[in-house]
Structure formats: structure tokens, C-alpha cells
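Working notes for the structure below.
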Amino acid sequence: MSSAHVTPGSVPGPKLAAHFASLEVQKHAARLGMWLFLATEILLFAGLFACYAAYRFLFPEAWAACSRELDLTMGTINTVVLITSSFTAAMAVHYAKEGKNKMVGHMFVLTLLMAVAFLVIKYFEYKHKFHIGTLPGRYYFYEGIQLPGAPLYFTVYFASTALHGLHVIIGMTVLMFSTVRAYRVGDFSANNYTMVELGSMYWHLVDLVWIFLFPMLYLV
61 MSSAHVTPGS
71 VPGPKLAAHF
81 ASLEVQKHAA
91 RLGMWLFLAT
101 EILLFAGLFA
111 CYAAYRFLFP
121 EAWAACSREL
131 DLTMGTINTV
141 VLITSSFTAA
151 MAVHYAKEGK
161 NKMVGHMFVL
171 TLLMAVAFLV
181 IKYFEYKHKF
191 HIGTLPGRYY
201 FYEGIQLPGA
211 PLYFTVYFAS
221 TALHGLHVII
231 GMTVLMFSTV
241 RAYRVGDFSA
251 NNYTMVELGS
261 MYWHLVDLVW
271 IFLFPMLYLV
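Residue numbers for the sequence shown, in the working numbering: 61 to 280.
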């Protein structure tokens, strides 16, 4: 049997757990669980967004000056990279429903490569900031901006982007499991694509959070 295209009925379907009445109920429960988990993730970032809003209100001049120190080109490239990676993740779900397991793997490999590109670009951004001294809190020593609130801006910047970067790594780990399964097992089909769908949902959250962070940090 080829893993490129799984013929319906040629592979075992998803197993029904004992505490569910049917596979459909089991799938709905999995989706609901993921939506609830994503809601808690949004609440996590909401705290950072609230800090950002409060400090921007208190130090508007410092916020505007510090924002201009960020590399807008790198930030824009990373935005395009993540949006494109969300498209490939969505295409993986599409191919999973059609039982085209090799295409699922290919789409997730592209998503993972773009995730790596995002992290590499972020590394160079961080490296530059460490070099010139635009660091959080008491570690701030950049002579170019000595306004009250400047260290707070970079505290929020590093806290939010580092937390987002951690979510990128977690998302990559989740997608790797689906990628390996698509290539080795090849059992995704119209009746068995929940694993791919939930992984893709998490990746869309990673993309969505960055879509908020980009204008907040780079376009003040």
C-alpha cells in the first residue's frame, strides 16, 4: 500500500475509546478540548498585551522611539513566513481528508522549514539587540535612547517574543509527530485526520499571536 494515497477501507480506522458513544462524539470532544486549550493560551498572552497597553499609555514617547529600533524588514519577512506556514498547515489538513499522506508530510515539512526560518531570523534580531544593549530592565545600556520607559519596552518585547518563540518550538514538535506518522504509517484519511487537524489548529494560534505582536511592537 502506498502512503501517497490511502484507499478508503485499506487501513484501520481510528480507535474508539471506551468512554465515547461514537467516533463522531470522540472527534468533537477532541476539537472542543483543543479549543479550550487554545483559549487558555490566548489568556496567557492577554496578560502581556495588558502590560503592553498600560506601559505604552504611561510612556508613549519611549514606546515610539524604541519601536523604531526594531528591524522592520526582518519583522515583515517573519510575518510573511508565518502566514505562509499557516497556509501549508491548512493544506496538510486538506490532504489528510483526501488520504494523501505523502502530501500531508510534504506540507508539514514545508511548515517546519518556515518555522526554522522564522527562528533563525529572530536569532539575528536578538543577536543585534544584545550587541547594542537594547535589553530588558536593568540590563538595558543602549545610549541611543535614554527615555523613561525604554527598558520596560524591551522587557515586554523580549517577554512576548520569547514566549511566542517557545510556542513555535512546541508547535514544531507537535507537527513533527504528524509528519512522521504521515510518512511511516500513512493512515490519515477522511475518517481519521483529527491528529493533523489539531496540530494545524495549534499552529494557526502561533501565527495569530504573531499577527498581533508584529504591529504592536514594530509599527507603534
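Virtual Cβ for every residue (Gly too), placed ideally from N, Cα, C.
Mapping DSSP to helix, strand and coil, what is residue i?
{"i": "H264", "result": "helix"}
{"i": "P251", "result": "Pro is not the amino acid found at residue 251; the sequence shown has Asn there. DSSP places N251 in coil when its eight states are reduced to three."}
{"i": "L118", "result": "helix"}
{"i": "F201", "result": "coil"}
{"i": "P275", "result": "helix"}
{"i": "V153", "result": "helix"}
{"i": "E84", "result": "helix"}
{"i": "V280", "result": "coil"}
{"i": "G159", "result": "coil"}
{"i": "T148", "result": "helix"}
{"i": "E257", "result": "helix"}
{"i": "G107", "result": "helix"}
{"i": "E129", "result": "coil"}
{"i": "T194", "result": "coil"}
{"i": "L207", "result": "coil"}
Can the beta-carbon of residue i be found less than 9 Å from the beta-carbon of residue j?
{"i": "A175", "j": "V140", "result": "no"}
{"i": "G259", "j": "S238", "result": "yes"}
{"i": "T194", "j": "K87", "result": "no"}
{"i": "I192", "j": "N138", "result": "no"}
{"i": "V234", "j": "V153", "result": "no"}
{"i": "S220", "j": "F119", "result": "no"}
From which residue to which residue does the alpha helix (DSSP H) around residue i run?
{"i": "R244", "result": "210-244"}
What I want to know is whether the C-beta of residue i ends up closer than 8 Å to one or more non-hydrogen atoms of the ligand HEM.
{"i": "R128", "result": "Inclusion of the ligand HEM in the displayed structure is not the case, the ligand content being empty and no account of it being possible."}
Three or more C-beta pairs closer than 8 Å, one from the stretch 241-250 and one from the stretch 209-220: is that the case here?
no
>> For the structure I just gave you, are there three or more beta carbon pairs, one from the stretch 199-209 and one from the stretch 263-278, closer than 8 Å?
In response: no
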